[in-house]
Amino acid sequence: MEKRETIAVGTMAADDILLEVEHLKTYFYLGKDKVAKAVDDVSFAIKRGETVALVGESGSGKSATSLSIMGLVPSPGKIVSGSIKLNGKELTRLSEKEMNNVRGRDIAMIFQEPMTSLDPLFPIGDQIAESLLRHKKLKKKEAKELAIELLKKVGFVRAEKMMKEYPHQLSGGMRQRVMIAIAMACNPQLLIADEPTTALDVTIQAQILDLMMDVKEEFDSAILLITHDLGVVAETADRVLVMYGGQIVEEGTVEEIFQQPKHPYTKGLLKSMP
Ligand code: ADP
Ligand code: MG
1 MEKRETIAVG TMAADDILLE VEHLKTYFYL GKDKVAKAVD DVSFAIKRGE TVALVGESGS
61 GKSATSLSIM GLVPSPGKIV SGSIKLNGKE LTRLSEKEMN NVRGRDIAMI FQEPMTSLDP
121 LFPIGDQIAE SLLRHKKLKK KEAKELAIEL LKKVGFVRAE KMMKEYPHQL SGGMRQRVMI
181 AIAMACNPQL LIADEPTTAL DVTIQAQILD LMMDVKEEFD SAILLITHDL GVVAETADRV
241 LVMYGGQIVE EGTVEEIFQQ PKHPYTKGLL KSMP
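Residue numbers (the working numbering): 1 to 274.
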């Protein structure tokens with residue numbers, strides 16, 4: 001079979017490419033002779049500052065793709081093969097310690113349910129400061145001041161008070177704001193947001209999305225936005241990747257995908273749009 005190449009990489013200037021994923025395969029071994037091909041030979045690239053939407057039905061491999069990029073595929077899952085380069089540097093060859101430095105500093109991720117990412121035992125301020133201290137040479141006092149500044153940026157007017165709150169005292173939307181603050185603390189070049197608004201009330205979803213896009217502009221990061229909401233895609237994305245059965249079956253600008261969808265899955269998806 002002919003090797004599938006990303007259309008986009010060919011047309012991108014090498015200097016512009018922030019993340020380049022090539023032939024990524026992430027398989028989960030489910031016991032004797034049973035393998036789930038969560039990511040089955042996926043290639044794509046993201047340019048600096050670009051917003052790329054990754055869409056696809058549940059189980060199509062979106063989360064497995066993002067976790068693979070972060071080096072966080074749970075055992076017994078295993079990346080069988082592939083290349084993941086950030087600024088030309090191969091991430092799959094890094095040690096766990098080096099990858100720990102990449103996470104949070106170069107690539108940050110926010111998930112659907114922020115409660116699972118926040119530690120219930122520590123106040124919000126400590127958790128933001130910890131993330132800062134892990135990656136930056138700062139005095140404790142400086143980290144605290146920066147944490148307050150970040151909380152203000154994500155919309156907490158009374159940021160000093162928020163520093164002392166515990167995760168369970170906050171609403172889902174507030175927790176996601178805190179997660180955005182933590183994600184952006186070290187000014188990562190890439191933010192991966194895996195269905196960041198799915199668990200939130202509809203009225204809060206747009207606010208969080210707006211905030212994420214504002215923060216992205218301010219920090220000049222690229223975003224890989226995983227969503228199944230095509231309205232969100234239309235509003236935010238520069239480019240769209242469509243995943244189906246572990247593969248990227250279609251890729252294009254928002255206009256291309258919305259006006260001339262090629263794959264049956266994409267056509268169906270657009271038909272179901274209100
Ligand atoms: P999506 O995020 O698009 O909904 P996922 O990446 O979570 O899809 O899942 C892709 C496929 O991999 C699914 O078939 C799912 O059942 C399987 N999978 C995901 N995580 C695991 C795991 N930890 N163990 C076994 N199979 C998994
Ligand atoms: Mg998922």
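Every residue gets a Cβ at the ideal spot worked out from N, C-alpha and C, and that includes glycine.
- Sorting S171, Q169, G56, L225 by C-alpha distance to the C-alpha of L190 places L225 at the top.
- Excluding five sequence positions before and after D220, the CB atoms of its chain that fall closer than 7 Å to its own CB belong to G49, given in chain order.
- E255 counts as exposed, since fewer than 16 other beta carbons sit within 10 angstroms of its beta carbon.
- Straight through space, the alpha carbons of M174 and S117 are spaced by roughly 13 Å.
- Put simply, of L230, G245, Q247 the residue whose alpha carbon is nearest the alpha carbon of Q259 is L230.
- Judged by DSSP in its simplified three-state form, G49 adopts coil rather than helix or strand.
- Note on D210: under 16 other CB atoms within 10 angstroms of its CB, so exposed under the neighbour-count rule.
- One thing to note: A183 has its Cβ no nearer than 8 Å to the Cβ of V52.
- For the ligand ADP, a non-hydrogen atom lies closer than 7 Å to the CB of G61.
- In this structure, the alpha-carbon of A193 lies about 23 Å from that of A36.
- DSSP, reduced to helix, strand and coil, places H135 within a helical segment of the structure shown.
- When rounded, the separation of the alpha-carbon atoms in Y29 and P76 is 6 Å.
- Judged by beta-carbon spacing, L18 lies within the 8 Å limit of N87, meaning their Cβ atoms are closer than that value.
- The stretch 93-103 makes no contact with the stretch 144-158: fewer than 3 CB pairs, one atom from each, lie closer than 8 Å.
- Taking a contact as a CB-CB distance under 8 Å, the pair A129 and A108 does not count as one, their CB atoms being some 16 Å apart.
- Between L54 and K62, the gap from beta carbon to beta carbon is short of 8 Å.
- Contact check for V215 against I248 fails: the beta carbons are separated by 8 Å or more.
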